[in-house]
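*Asks:* Quick one: the structure is below, questions incoming.
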Amino acid sequence: MLGSNSNQQVTCIACGEKVAREDAREYDKHGDRWSREDKTFEYLCKPCHRDCCHQNRDGLEETLVAADAGRTDHKTFLRQYCELTADNTGLN
Ligand SMILES: [Zn+2]
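Each number in our numbering comes from the position in the sequence shown (counting from 1) with 556 added on.
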C-alpha cells in the first residue's frame with residue numbers, strides 16, 4: 557500500500573479490452589468533465605483513442621450518445637457502437 561492505484565483496470569468503451577487505467581485515455585462523451593454528477597468516465601485504450609482521433613470527432617460523440625454509452629449493458633452498447641460506426645465510416 558504505497559498510495560498507488562496503478563493496478564486499477566478500466567474497460568475500453570470501444571473495443572472492450574481491459575487496460576491499466578494509467579494507460580487508458582479518459583473519455584467523456586458529453587465533453588464536460590466538471591458537471592458529471594455521479595456518472596463515471598468512460599475510457600479508451602490507446603489504439604482506440606488513436607483511431608478516434610483519426611476519425612471525425614463530431615461523428616464519434618454523436619455515435620457514442622446514440623449507442624447509449626453508459627446507459628446500456630456493455631454488450632449491447634458495443635454492438636450498437638459497431639453498427640453505428642460501420643454505417644458512418646463506410647469502410648470498404
Ligand atoms: Zn479499445
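Every residue, glycine too, gets a C-beta built ideally from N, C-alpha and C. No experiment lies behind these values; they were computed from the predicted model shown.
Give the straight-line distance between the Cα atoms of glutamate 598 and lysine 631, rounded to the nearest whole angstrom.
*Replies:* Translated into the one-based positions of the sequence shown, residue 598 becomes position 42. Translated into the one-based positions of the sequence shown, residue 631 becomes position 75. Approximately 15 Å between the Cα atoms of the pair.
*Asks:* Taking 8 Å as the limit between beta carbons, can you name the residues of its chain near asparagine 648, skipping five residues before and five after?
*Replies:* Locating residue 648 in the sequence shown gives position 92, counting from the first residue. Low local confidence applies: a pLDDT of 49 at asparagine 648 is under 50, so the model's placement there is unreliable, with the coordinate-based value given in what follows. Correct list: empty, nothing qualifies.
*Asks:* Would you identify the three-state DSSP class for alanine 622, choosing helix, strand or coil?
*Replies:* Your numbering for residue 622 matches position 66 in the sequence shown. In this structure, alanine 622 counts as helix in the three-state DSSP scheme.
*Asks:* Does the beta-carbon distance from leucine 600 to arginine 581 come in below 9 Å?
*Replies:* Indexing the sequence shown from 1 puts residue 600 at position 44. Indexing the sequence shown from 1 puts residue 581 at position 25. Closer than 9 Å, so yes.
*Asks:* How should alanine 623 be labelled, buried or exposed, when 16 other C-beta atoms within 10 angstroms of its C-beta is the threshold for buried?
*Replies:* Translated into positions along the sequence shown, residue 623 becomes position 67. Buried.
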